[in-house]
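Report on the following structure.
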Ligand SMILES: C[S@@+](CC[C@H](N)C(=O)[O-])C[C@H]1O[C@@H](n2cnc3c(N)ncnc32)[C@H](O)[C@@H]1O
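In our numbering, the protein residues as written are 3 to 277.
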């Protein structure tokens, strides 16, 4: 979903997330509202608040935005996170003030959000939202991502949406996802955005209907039959066109056609030279 350029300009200094992933967050916010999936929005790994600012644009009056971050940078890694992750320990330090600043810039007032500063291991033991429609997990490491999924996934209704920002980037994030799926027998239809982001809709078992139309009434059987007949006709016509194109090509490359072309050119030349 294309984002307003002036909104993007405001939030870009407050986020590490690329435009395609930001646009997908917006699309999913819109889907949750269109399909009236109940619950709050949660973000784990708020950093400077850029992605939270995008999510805040889709807060209907019944929804609240919960933001979690250490504001002390990235925690220690484990073996599951890989060697490349080690250099990020202690990096990505931001402040609660950064988050408040960008939310104010995009017009979200403080009563619509709660910031829970501190390590997830502590803050997740405090009061949690009752129901979660959207879970944006941008916490990178194995332990953090697994704890986020274990804590919030049970609070999500069918139709709720989980976004893992670092699925393609950090091994630990991906391992945590697979570990969580194994533990809970989850088999999500995983969608990808760019090289990093992945998301899924809880309870969705196929992609035969577009995500923004999940709760729309199914196409009635008569219309469905007409649609299939038209698709069949289109396919037949396309086949006929391709046959005709092949015939035209064959004609053009035939001896007769080349002679005919040369004859036409000669006639044109003779008539031109007469004038
Ligand atoms: C990549 S940043 C988030 C980026 C952000 N969403 C943006 O818009 O750019 C990851 C954040 O996760 C937080 N984090 C990771 N594990 C955490 C944990 N166990 N407890 C608290 N915060 C954690 C870090 O403090 C860091 O700010």
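The beta-carbon is built from N, C-alpha and C at its ideal position, and this holds for glycine as well. Being a predicted model, the structure only gives us computed values, none of them experimental.
Exercise for the section: Excluding the 5 residues preceding and the 5 following residue 48 in the sequence, name in chain order all residues of the same chain whose CB lies nearer than 6 Å to its CB. Expected result: 54, 69, 71, 101
Exercise for the section: Assign residue 245 to one of two classes, buried (16 or more other C-beta atoms within 10 Å of its C-beta) or exposed (fewer than that). Expected result: exposed
Practice task
Write down the C-beta distance between residue 27 and residue 203 rounded to the nearest angstrom, noting that I regard them as a contact closer than 8 Å.
Solution key: So it is not a contact: roughly 14 Å between Cβ atoms.
Problem - DSSP bridge partner residues for residue 164 (one or two, in chain order) - result: 137, 202
Practice task
For the alpha helix (DSSP H) holding residue 179, just list the boundary residues, first then last.
Solution key: 173-186 is the extent of the alpha helix (DSSP H) around residue 179.
Exercise for the section: Report all residues from its chain with a CB closer than 8 Å to the CB of residue 159; omit the five preceding and five following residues, and keep chain order. Expected result: 39, 40, 41, 133, 135, 204
Handout entry: Exposure of residue 271, with buried meaning 16 or more beta-carbon neighbours within 10 Å
Key = exposed
Handout entry: Nonlocal neighbours in the same chain, by C-beta distance under 6 Å from residue 151, ignoring five residues either side
Key = 182
Problem - Assigned secondary structure, residue 130 (DSSP; H/G/I helix, E/B strand, else coil) - result: coil
Handout entry: Reduced DSSP category for residue 44 - H, G, I as helix; E, B as strand; rest coil
Key = Under the three-state reduction of DSSP output, residue 44 falls in the strand class.
Practice task
Return yes when the C-beta of residue 19 is under 7 Å from any heavy atom of ligand 1, and no when it is not.
Solution key: yes
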